[in-house]
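Heads up, the thing below is written out as structure tokens.
Residue numbers (the numbering used here): 1412 to 1483.
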């Protein structure tokens, strides 16, 4: 349907991340990714609650984020 409408798109592997909803939690997580050379190309906020923050990210190296984030 998108092709027929002339809309460009990409199919990419995405990663859903869950973090504590506290000041600096997102910055610390994305700093860890940057420190190992992973560039986050898209950040999509999914849900923010009192305790947790959920987001979907696209990274330039889709195999790297899970291992980096699991080590956090």
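Yeah, the Cβ is synthetic: ideal placement off N, Cα and C, and Gly gets one too.
For residue 1466, count neighbouring Cβ atoms within 10 angstroms of its own Cβ and tell me buried if that reaches 16, exposed if not. Buried.
With a threshold of 7 Å on Cβ separation, who are the neighbours of residue 1454 within its own chain once the five nearest residues in sequence on each side are excluded? In the same chain as residue 1454, and ignoring 5 residues on each side of it, the C-beta atoms closer than 7 Å to its own belong to 1466, 1468, in chain order.
Extract the residue ranges of the beta strand (DSSP E) inside the stretch 1435-1481, only unbroken runs of 3 or more that lie entirely within it. You should have 1451-1459, 1463-1470.
Following the continuous beta strand (DSSP E) through residue 1414, name the residue where it begins and the one where it ends. Counting along the chain, residue 1414 sits inside no beta strand (DSSP E), nor does DSSP assign it H or E at all.
In terms of alpha-carbon separation, which member of 1447, 1434, 1428, 1442 lies closest to residue 1456? For the set 1447, 1434, 1428, 1442, the Cα lying nearest the Cα of residue 1456 is the one of 1428.
Give me the Cβ distance between residue 1449 and residue 1472, rounded to the nearest whole Å; I'm assuming they're in contact under 8 Å. About 5 Å; that satisfies the 8 Å criterion.
Measure how close the beta-carbons of residue 1414 and residue 1432 come, nearest whole angstrom, since I'm counting them as under 8 Å. That pair is no contact at about 39 Å.
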